[in-house]
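Its first residue numbered 1, the sequence shown is counted upward by one per residue in the UniProt record's numbering.
Glycine included, each C-beta is placed from N, C-alpha and C at the ideal position.
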Amino acid sequence: MLGAPDEKLLALPLALEEGKAPRVASLILMVVSVFVGLAIVWASLTTVRELAVAGGQVEPAGSVLTVKHLEGGVIGDILVSNGELVEAGDTLVTFQPTLLGADLDQAEVKAATLALTAERLKAFIEERAPEFDVAPAYAHLAEEQLEAWRLQSASRGEQRAVATSRIAQREAELTSLKKRVGNLEIQVEILEEQMEMRRGLAEKGLVSRIAFLESQRSVEQTRGELISTQGRVAEITQALMESNSALSELNARLVDEAKRERAQALGELVEVESQIAKAEDRVKRLAVRAPARGLVKGITVHSVGDVVRPGDPVLEIVPVDDVLVAQVEVDPKDIGHITIGDRAHVRITTYDPARFGQLEGSVSKISASTFENDRGEHFYHATIALDRNFVGSDTDKHLVLPGMVVTAEIVTGSKSIVRYLLKPVFRSLDTAFSER
1 MLGAPDEKLL
11 ALPLALEEGK
21 APRVASLILM
31 VVSVFVGLAI
41 VWASLTTVRE
51 LAVAGGQVEP
61 AGSVLTVKHL
71 EGGVIGDILV
81 SNGELVEAGD
91 TLVTFQPTLL
101 GADLDQAEVK
111 AATLALTAER
121 LKAFIEERAP
131 EFDVAPAYAH
141 LAEEQLEAWR
151 LQSASRGEQR
161 AVATSRIAQR
171 EAELTSLKKR
181 VGNLEIQVEI
191 LEEQMEMRRG
201 LAEKGLVSRI
211 AFLESQRSVE
221 QTRGELISTQ
231 GRVAEITQAL
241 MESNSALSEL
251 NARLVDEAKR
261 ERAQALGELV
271 EVESQIAKAE
281 DRVKRLAVRA
291 PARGLVKGIT
301 VHSVGDVVRP
311 GDPVLEIVPV
321 DDVLVAQVEV
331 DPKDIGHITI
341 GDRAHVRITT
351 YDPARFGQLE
361 GSVSKISAST
371 FENDRGEHFY
381 HATIALDRNF
391 VGSDTDKHLV
401 LPGMVVTAEI
411 VTGSKSIVRY
421 LLKPVFRSLD
431 TAFSER
């Protein structure tokens, strides 16, 4: 005899046959339907990126700086090595000075001598004591020029004294002659008056004619002496003018000579200063300095004593503060999907992207044709301009340097998940009704 539970189990198939679905089954079916619908909507709205993956390395956007030496020479010291990071202005290599230092010292001594000479001559022209302003090392040169100024001034004084003495003699003689002329003029007047008196007395017979003739002779003699003295006055006056002119000419000649010597000294000084500037420039160039912050590479000298010819390269500097780019090799099958301006995610292989993240950039250049590598594979060159030159948050750490290997993911587009999942179906439909 069947119990109550057995009766319920026997009644269940009958209930199913009569179309009475359990409420739980209906609820499950409804939930599944909702999830499927939501999944379809999500797959239709959600997109995935289409990426072209390419490998390459970091390079500076600008060219590598080649450091050369203009004059060349013998290496004195090598202060850097390949791969070393240097700052702008750091000394990289030094050259031996050889005779350059001695030549520079000689040129500086000559320049100091010429400058002192120019000041000494200027002081002589202006008739003042020279004002020498030189370094203590050249004090002996200043003393020599001061002694030369004393001798030159003394010589001028002696020549002036001779000329002045001659002028004084002429002036004294002229004064005496003028006084003599005055006395003779008075004598002539007296003698003429005496002669006229004797003329009258002689005509009256009061004196002898001999006395008259004697008076006449005295007048003529005194007149002759007066004329001679007046001629001498004219001669001395002319001589005095010549002596004064000679003194003026002496002063002018000495000044002109000093001016010519000073002009010559200044001209030579300009030339020597130019030589000094060139020599100082060469001395500065004995130390080869970094033109920019960067990495040292391609050192061509290896030991002290190596000879560098003029204009030969010494080493190269790869700038690190320059704009950096990633040069990547793109598979030809991806190149048709890449355009200038496409964004790219660049991973630096030396830095863990999970820890330091990755760099962002954009495609700035694509080669016009393919290249072939050592393995016979063809590829296109693509240049990705990087947004920054470091990974992580610290700008002074974890720098991206030229030569680092990168993997770039170039975003070429996007598609929905539905289209991505149904891609084989669409591909089959595209070729379903075609035949060779």
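Quick check on residue 280: does DSSP put it in helix, strand or coil?
Note: residue 280 maps to helix in three-state DSSP.
How long is the line joining the alpha carbons of residue 111 and residue 90, rounded to whole angstroms?
Rounded to the nearest angstrom, the two C-alpha atoms are 32 Å apart.
Exposed or buried, what is residue 177 when buried is set at 16 or more other beta-carbons lying within 10 Å of its beta-carbon?
Buried, by the Cβ-count rule.
Is it buried or exposed for residue 120, if we count other Cβ within 10 angstroms and need 16 for buried?
By the neighbour-count rule (16 or more Cβ atoms within 10 Å), residue 120 is buried.
Please report the distance separating the alpha-carbon of residue 294 from that of residue 139.
Rounded to whole angstroms, residue 294 to residue 139 spans 47 Å at the Cα level.
Out of 185, 402, 360, state which residue places its alpha-carbon closest to the alpha-carbon of residue 222.
Nearest C-alpha to residue 222: 185.
Give me the DSSP bridge partner(s) of residue 77.
Paired residue(s): 94.
Beta-carbon separation of residue 51 and residue 363 under 8 Å?
The answer is no: Cβ separation not under 8 Å.
One question on the structure: do residue 296 and residue 314 come within less than 8 Å of each other, judged by their Cβ atoms?
No, they are not a contact pair.
Using the three-state DSSP reduction, which class does residue 388 fall into: helix, strand or coil?
In the structure shown, residue 388 sits in coil (DSSP, three-state: anything other than H, G, I, E or B).
If you drop the 5 nearest sequence neighbours on each side, which residues of the same chain put their C-beta closer than 6 Å to that of residue 309?
If we look at residue 309 and ignore the five residues flanking it on each side, its Cβ neighbours are 72.
Inspect the beta-carbon positions of residue 324 and residue 58 and report whether they are closer than 8 Å.
Result yes, Cβ atoms of residue 324 and residue 58 sit closer than 8 Å.
Tell me whether the beta-carbon of residue 104 lies closer than 8 Å to the beta-carbon of residue 239.
No, Cβ-Cβ distance for residue 104 and residue 239 is not below 8 Å.
Under the DSSP definition of a beta bridge, which residues are partnered with residue 293?
Residue 293 pairs with nothing; no bridge assigned.
Secondary structure at residue 365, three-state DSSP: helix, strand or coil?
Correct three-state label for residue 365: strand.
Can you tell me whether residue 402 is buried or exposed, with buried defined as 16 or more other CB within 10 angstroms of its CB?
So residue 402 ends up on the buried side.
Quick one: residues in its chain with C-beta nearer than 6 Å to the C-beta of residue 53, no 5 flanking neighbours on either side, listed in chain order?
Taken in chain order, the residues that qualify are 409.
Leaving out the 5 sequence neighbours to the left and right, which residues in its chain are closer than 7 Å to residue 170 when beta-carbon positions are compared?
Cβ neighbours of residue 170 beyond the five flanking positions: 236, 239, 240, 243.
Using 10 angstroms around the beta-carbon of residue 378, count the other beta-carbons present and answer buried if the total reaches 16, otherwise exposed.
Classification of residue 378: exposed, given that the 10 Å Cβ count is below 16.
Please name the residue, chosen from 373, 215, 351, 282, that lies closest to residue 397 on a Cα-to-Cα basis.
For the residues 373, 215, 351, 282, the minimum Cα distance to residue 397 belongs to 351.
Where does residue 326 sit, in a helix, a strand or coil, going by DSSP?
Three-state DSSP puts residue 326 in a strand.
Does any heavy atom of the ligand FAD sit closer than 7 Å to the C-beta of residue 84?
The ligand FAD is not among the ligands present in this structure, which contains no ligands whatsoever.
Tell me the rounded alpha-carbon separation between residue 173 and residue 157.
Their Cα atoms are separated by approximately 24 Å.
With distances taken between CB atoms, is the gap from residue 347 to residue 395 smaller than 8 Å?
Going by C-beta atoms, residue 347 is not nearer than 8 Å to residue 395.
Is residue 347 helix, strand or coil when you go by DSSP?
Looking at residue 347 - three-state DSSP - the assignment turns out to be strand.
Starting from the Cα of residue 194, find the closest Cα among 218, 206, 344, 179 and give me that residue.
When only C-alpha atoms are compared, the closest one is 218.
To the nearest angstrom, report how far apart residue 64 and residue 286 are at their CA atoms.
Rounded to whole angstroms, residue 64 to residue 286 spans 22 Å at the Cα level.
Would you report the Cα separation of residue 254 and residue 78, rounded to the nearest angstrom?
Straight-line Cα distance between these residues: approximately 58 Å.
Helix, strand or coil: which one does DSSP assign to residue 310?
Of the three classes helix, strand and coil, the one that applies to residue 310 here is coil, per DSSP.
Would you mind working out which of 357, 374, 189 sits nearest residue 393, comparing C-alpha positions?
Measuring from the Cα of residue 393, the nearest candidate turns out to be 357.
Rounding to the nearest angstrom, what Cα-Cα distance links residue 107 and residue 136 in this structure?
If you take the alpha carbons of residue 107 and residue 136, they lie about 17 Å apart.
With DSSP as the reference, label residue 37 as helix, strand or coil.
Helix at residue 37.
Are residue 441 and residue 317 touching if we call contact CB-CB under 8 Å?
Since the first residue of the chain shown is 1 and the last is 436, residue 441 is not available in this structure.
By the DSSP assignment, the alpha helix (DSSP H) with residue 175 in it spans what residues?
Per DSSP, residue 175 belongs to the alpha helix (DSSP H) from 139-204.
Assign residue 402 to one of three DSSP states: helix, strand, or coil.
Reduced to three states, the DSSP call for residue 402 is coil.
In terms of residue numbering, what span does the beta strand (DSSP E) encompassing residue 333 cover?
Where residue 333 is concerned, there is no enclosing beta strand (DSSP E), although the alpha helix (DSSP H) it sits in stretches over 332-335.
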